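For the sequence shown, this note's numbering begins at 149 and goes up steadily by one.
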Amino acid sequence: GNGRMCLTLPKVLVSVMGLEKIIPRWDDFEVFLQLLPRSSTAERMNPYTSFWTGVAHGDGPQEFHLVLLDNGRTKVLADPAGRQTLQCIRCSACLNICPVYERTGGHAYNSVYPGPIGAILTPQLAGVENAGSLPFASTLCGACYDVCPVKINIPEVLLHLRGAVVRHKQQNSVLPGVEGLAMKMLAGVFASPSKFERMQKLGRFGQRLLLKQGVITSLPGQLGGWTAVRDVYPIANQTFREWWRERQRSQGPFTAPPDASEGGKT
């Protein structure tokens, strides 16, 4: 391809590659040549496969330098749960099957590594403090694990990294204990139907100040992080519980239709 043609002119060749790209033997490389195109594009072989074996007399580079890039990879390798991420061969099979990637596209990951593999690789290379949202960009459906040719357990690593994100937030929280207190208060509301309905009515009344053309486009405080990228639909004017009680009063108790097996009409 063009890459190989361009190498005939420069006299110095500098190749940069990640540590995880090293393959011990040519026999092992043969396996990858068969595995990658089949998993990536369902082809038997790549359209172009170029080999650079160093300096040779005649055309081509007369000086060769190979740079092995660490950039956090040894740290990933030292993590028993996350090290399997480095097995990735960049086939994109997990991207093609992922429902989240299908909806959001690659730019949403803000990284050169998009999709499910990017959701576990980028936080490990850049740190969860810089990419803490990516491990949560998944439904944990497991489809990526099913199609992965090298069997990286992406859902397992996602859960591992989610725990790391939570621990990082707990250790660096400006207001420690506030989130836990908020969760306890919400648990008390959700556990009581009467409290839940009162909160719904209060929210229905308060949302009038925020509604614009039928949706909420801006929320105050930290809640604004949600509306910065999406709108919020308002609480319904009538909840299902309210509709059910009104129906019971107007039509009487609900009775199920007779079963067809008992001779009734369907």
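Ideal Cβ positions, reconstructed from N, Cα and C, are used throughout, including at glycine. Fair warning: this is a prediction, and the values are worked out from it, not measured in the lab.
In the assembly as shown, Arg397 is an exposed residue. Its beta-carbon has fewer than 16 other beta-carbons within 10 Å. Collapsing the DSSP output to three states places Met333 in a helix. The C-beta of Arg221 has 16 or more other C-beta atoms within 10 Å across all chains shown, which makes the residue buried. Within a 10 Å sphere around the beta-carbon of Cys292 sit 16 or more other beta-carbons, which makes this residue buried. Less than 9 Å divides the Cβ of Phe212 from the Cβ of Ser163. Non-local beta-carbon contacts of Thr233 in its own chain, meaning distances under 8 Å to residues more than five positions away in sequence, involve Val224, Ile265, Ile268, Leu269, Gln272, Ile300, Val305 in chain order.
Ranked by Cα distance from Arg152, the options Arg173, Tyr196, Phe402 are led by Tyr196.
The count of Cβ pairs closer than 8 Å, one atom from the segment 192-206 and one from the segment 245-258, stays below three, leaving the stretches out of contact. Here Tyr261 is buried: its Cβ has 16 or more other Cβ atoms, across all protein chains shown, within 10 Å.
When secondary structure is reduced to three states using DSSP, Ile383 falls in the coil class, being assigned neither helix nor strand. If you ignore the 5 residues before and after Thr156, its C-beta comes within less than 8 Å of the C-beta of Asp207, Gly208, all in its own chain and listed in chain order. If only uninterrupted alpha helix (DSSP H) runs of at least 4 residues are considered, those enclosed by the segment 190-229 are 221-225.
Sorting Pro406, Gln386, Ser281, Arg238 by C-alpha distance to the C-alpha of Pro185 places Arg238 at the top. When secondary structure is reduced to three states using DSSP, Leu357 falls in the helix class.
The C-beta separation of Ile245 from Val298 comes to about 15 Å, leaving the pair out of contact by the 8 Å criterion.
Contact annotation: Gly230 and Leu309 have beta-carbon atoms nearer than 9 Å. For Ser340, no beta strand (DSSP E) encloses it, and the DSSP letter there is neither H nor E.
Cβ neighbours of Phe177 within its own chain (closer than 8 Å, five residues either side excluded): Ile171. Where Gly166 is concerned, the enclosing beta strand (DSSP E) starts and stops at 160-166.
Between Leu216 and Leu167 a beta carbon distance of about 6 Å is seen, short of the 8 Å cut, so the two are scored as contacting.
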